[in-house]
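S.K.: In my numbering, the protein residues as written are 62 to 526.
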Amino acid sequence: MVKTRFAPSPTGFLHVGGARTALFSWLYARHCGGQFVLRIEDTDRERSTQPAIDAILESMQWLELTWDEGPYYQTKRFDRYREVIEQLLREGKAYKCYCSKERLEKVRALQMAKGEIPRYDGHCRDSQEEHSPDEPYVVRFKNPTEGVVAFDDMVKGHIEFQNAQLDDWIIQRSDGTPTYNFCVVVDDYDMGITHVIRGDDHVNNTPKQINLYHALGAPVPVFCHVAMILGDDGTKLSKRHGAVSVMQYREDGYLPEALVNYLLRLGFSHGDQEIFSREEMIELFTLDAISRSASSFNTSKLDWLNAYYMKTLPRDVVGRELAWHLEREGYDLTKGPGPELIVAQYAERTHTLKEMAQKVRYLFEDFDSYDEKGVRKWMKEGSVDVLKAAYAVIEKLPDFNAAALDKALEELAASMELGMGKVGQPLRIALTGTATSPGIGDTLVLVGRERSLSRIAAAIDHFGA
Ligand code: GLU
Numbered sequence: 062m063v064k065t066r067f068a069p070s071p072t073g074f075l076h077v078g079g080a081r082t083a084l085f086s087w088l089y090a091r092h093c094g095g096q097f098v099l100r101i102e103d104t105d106r107e108r109s110t111q112p113a114i115d116a117i118l119e120s121m122q123w124l125e126l127t128w129d130e131g132p133y134y135q136t137k138r139f140d141r142y143r144e145v146i147e148q149l150l151r152e153g154k155a156y157k158c159y160c161s162k163e164r165l166e167k168v169r170a171l172q173m174a175k176g177e178i179p180r181y182d183g184h185c186r187d188s189q190e191e192h193s194p195d196e197p198y199v200v201r202f203k204n205p206t207e208g209v210v211a212f213d214d215m216v217k218g219h220i221e222f223q224n225a226q227l228d229d230w231i232i233q234r235s236d237g238t239p240t241y242n243f244c245v246v247v248d249d250y251d252m253g254i255t256h257v258i259r260g261d262d263h264v265n266n267t268p269k270q271i272n273l274y275h276a277l278g279a280p281v282p283v284f285c286h287v288a289m290i291l292g293d294d295g296t297k298l299s300k301r302h303g304a305v306s307v308m309q310y311r312e313d314g315y316l317p318e319a320l321v322n323y324l325l326r327l328g329f330s331h332g333d334q335e336i337f338s339r340e341e342m343i344e345l346f347t348l349d350a351i352s353r354s355a356s357s358f359n360t361s362k363l364d365w366l367n368a369y370y371m372k373t374l375p376r377d378v379v380g381r382e383l384a385w386h387l388e389r390e391g392y393d394l395t396k397g398p399g400p401e402l403i404v405a406q407y408a409e410r411t412h413t414l415k416e417m418a419q420k421v422r423y424l425f426e427d428f429d430s431y432d433e434k435g436v437r438k439w440m441k442e443g444s445v446d447v448l449k450a451a452y453a454v455i456e457k458l459p460d461f462n463a464a465a466l467d468k469a470l471e472e473l474a475a476s477m478e479l480g481m482g483k484v485g486q487p488l489r490i491a492l493t494g495t496a497t498s499p500g501i502g503d504t505l506v507l508v509g510r511e512r513s514l515s516r517i518a519a520a521i522d523h524f525g526a
């Protein structure tokens, strides 16, 4: 069974690159009917933080990248790592190294002077020297000294490293803690990971890791190193390019469906298709369709996708996400219409859910001032009479629905020999405090019958004085 994992180090928030790795790993597991594991690589205790862990979990949930196992935490697995290190020592596949810092520095300086790549010279590898039990040591892995270590990367193709260029790397520090590359291998082995999908900044770790799999007698997983993401100017992606944490995208008003679709296209393609439903992605996603070259970040495409999903997803789905924004604006949701009704009117009028939430304050909160520009333009002599007449029409109308309201108000405008703007705009100002809102019938329905009437009455008072 295919088993993939996402293994973030919680040293910062989950950003675009990490989220894409998570998505690809998740998609591949789902495509194959396999399993997806979430593992938090928190062994670097100084740089790992709880807020970062929380943000990772929250982001994964928001993107609906559900995991079947975990989250595992490496810091809870120290006993297991120690056990494996003991085993490697016992089997002669690792050894204790007592070399002092000074000695290592000297070796390094000599190698550099000779133009060699600095690496551990193997001094303790076969040493028979006696050491007292309190002498500090690290544990090093006995890397093969000859031959090549090779793998066929699903994205990058065949990759080979000469063992002679790898050194006996440290698997346990002098304080007894295991090192990063070691934990990754033990975890992937223990967790039965079959496919390791990760950023290509890890390519250079892979040969070391493969040698360790061999030493453990463990099956080597398939590797898939995904090329990095660049900014639209071709330089390394950064905040400057709009690449921020996943949760920032939520705050900015993007739908998770838009972000997921966007992330998919950062490296995956299927002909020239741009829009993929979740089901379609799962069906079509394969590792050999991942691009070899770096992808570029493009905010306008993300905006385009967001607009598309705001308009086309079921309104209750968009409404659920909108509710989160409405709450963030501090609105009391019981005071306004259902979010899906707002979506129906505003999906075409706004670019993000944040903007939508900000535009509809009038649906949740009363106001006592009116937009000055709108007032100057529309509240003319006679406008109060229009409001009075409209009040009477609306109050009498048996059906408080948009079509009936629009029709009745058009008839009113005709009977008063006014253009519809001269009726609609003063009403809008009365109902929303501003001169922009959906169609007047729809606006009345969103505001609600009683509240519409009381707002019109308040405006008559305010402007009639
Ligand atoms: N913890 C590593 C990172 O966040 C990923 C390690 C891996 O996927 O093997 O970059």
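Glycine is no exception: its CB is placed at the ideal position from the N, C-alpha and C atoms.
1. Could you tell me if the beta carbon of GLU102 falls within a distance shorter than 7 Å of some heavy atom in the ligand GLU?
2. With respect to the beta strand (DSSP E) encompassing PRO400, which residues constitute its N-terminal and C-terminal limits?
3. Is the number of C-beta pairs between the segment 257 to 267 and the segment 69 to 82 that are closer than 8 Å three or more?
4. Quick check on ILE455: buried or exposed, where buried means 16 or more other Cβ atoms within 10 Å of its Cβ?
5. Tell me the residue span of the beta strand (DSSP E) that contains PRO132.
6. Alpha carbon to alpha carbon, how far is TYR89 from GLY391?
7. Does any heavy atom of the ligand GLU sit closer than 7 Å to the C-beta of PRO239?
8. Identify whether HIS302 lies in helix, strand or coil by the three-state DSSP scheme.
9. Which residue wins for smallest C-alpha separation from LYS203, given the options PRO194, SER188, ASP195, SER193?
10. If you run the structure through DSSP and keep just helix, strand and coil, what is HIS331?
11. Report yes if the CB atom of SER70 is closer than 8 Å to the CB atom of VAL307, and no otherwise.
12. Please determine, among ILE343, PHE139, ILE271, the residue with the shortest C-alpha to C-alpha distance to SER86.
13. By a C-beta neighbour count over all protein chains shown, 10 Å radius and 16 as the cutoff for buried, is PRO282 buried or exposed?
14. Could you check where the beta strand (DSSP E) with LEU75 kicks off and where it finishes?
15. Decide if VAL484 is buried, meaning its Cβ has at least 16 other Cβ atoms within 10 Å, or exposed.
16. Determine the contact status of ARG66 and PHE97, defining contact as a CB-CB distance below 8 Å.
17. Let me confirm a value: PRO194 is counted as buried when at least 16 other C-beta atoms fall within 10 Å, else exposed. Which label applies?
18. Does the Cβ of SER299 have 16 or more other Cβ atoms within 10 Å, making it buried, or fewer, making it exposed?
19. Does the segment 370 to 388 come into contact with the segment 454 to 473, if we say contact requires no fewer than three beta-carbon pairs (one atom in each stretch) closer than 8 Å?
20. Drop a sphere of 10 angstroms on the beta-carbon of LYS356, count the other beta-carbons inside from all chains shown, and report buried for 16 or more, exposed for fewer.
21. So what does DSSP say about LEU124, is it helix, strand or coil?
22. Buried or exposed: where does ARG410 fall if 16 or more other Cβ atoms within 10 Å of its Cβ makes it buried?
23. Can we count SER568 as close to the ligand GLU, meaning its CB is less than 7 Å from some heavy atom?
24. By the 10 Å Cβ neighbour count, where 16 or more other Cβ atoms means buried, how is ARG201 classified, buried or exposed?
25. Determine the burial state of SER338: buried for a count of at least 16 other Cβ atoms within 10 Å of its Cβ, exposed for fewer.
26. DSSP beta-bridge partners for LEU448?
27. Answer with buried or exposed for ALA113, where buried requires no fewer than 16 other C-beta atoms within 10 angstroms of its C-beta.
28. Say the cut is 7 Å; is the CB of PRO132 nearer than that to a heavy atom of the ligand GLU?
29. Within the same chain, show all residues whose beta-carbon is closer than 7 Å to that of ASP105, passing over the 5 residues directly before and after it, in chain order.
30. Could you pull the start and end residues of the beta strand (DSSP E) that LEU99 belongs to?
31. Would ARG301 be called buried (16 or more neighbouring beta carbons within 10 Å of its own) or exposed?
32. Quick one: does the C-beta of SER70 sit closer than 7 Å to a heavy atom of the ligand GLU?
M.R.: In this structure, then:
1. Because some heavy atom of the ligand GLU lies under 7 Å away, the Cβ of GLU102 counts as near it: yes.
2. No beta strand (DSSP E) holds PRO400; the alpha helix (DSSP H) holding it covers 400 to 407.
3. Enough Cβ pairs lie closer than 8 Å, so yes.
4. Buried, because 16 or more other Cβ atoms sit within 10 Å of the Cβ of ILE455.
5. Per DSSP, PRO132 belongs to the beta strand (DSSP E) from 130 to 134.
6. The alpha-carbon atoms of TYR89 and GLY391 are separated by roughly 39 Å.
7. Taking 7 Å as the cut-off, one finds no heavy atom of the ligand GLU near enough to the beta carbon of PRO239.
8. It is helical.
9. Of the candidates PRO194, SER188, ASP195, SER193, SER188 places its Cα closest to the Cα of LYS203.
10. Here HIS331 carries a coil assignment [DSSP, helix/strand/coil].
11. Not in contact: SER70 and VAL307 (Cβ atoms no closer than 8 Å).
12. Here the closest residue by C-alpha is ILE343.
13. The residue is buried, with at least 16 neighbouring Cβ atoms inside 10 Å.
14. Note, LEU75: premise wrong, no beta strand (DSSP E); not H, not E.
15. Around the Cβ of VAL484, a 10 Å sphere holds 16 or more other Cβ atoms; the residue is buried.
16. For ARG66 and PHE97, yes; Cβs fall inside 8 Å.
17. Flag for PRO194 reads exposed.
18. So SER299 ends up on the exposed side.
19. No, because fewer than three Cβ pairs between the segment 370 to 388 and the segment 454 to 473 fall closer than 8 Å, the two stretches do not touch.
20. Residue 356 is actually Ser in this sequence, not Lys. Per the 10 Å Cβ criterion, buried.
21. LEU124 falls in the coil class under three-state DSSP.
22. Here ARG410 is exposed. Its C-beta has fewer than 16 other C-beta atoms within 10 Å.
23. For the chain, the structure presents residues 62 to 526; residue 568 sits outside this window and is missing.
24. Residue burial annotation: ARG201 is buried, with at least 16 other C-beta atoms found within 10 angstroms of its C-beta.
25. By the neighbour-count rule (16 or more Cβ atoms within 10 Å), SER338 is not buried but exposed.
26. The bridge partners DSSP lists for LEU448 come to none.
27. With 16 or more other Cβ atoms within 10 Å, it is buried.
28. Flag unset: Cβ of PRO132 not near the ligand GLU.
29. Excluding the 5 residues flanking it on each side, ASP105 has same chain C-beta neighbours closer than 7 Å at SER70, THR72, in chain order.
30. Counting along the chain, LEU99 sits inside the beta strand (DSSP E) bounded by residues 96 to 101.
31. ARG301 should be labelled exposed.
32. SER70: yes, Cβ under 7 Å from the ligand GLU.
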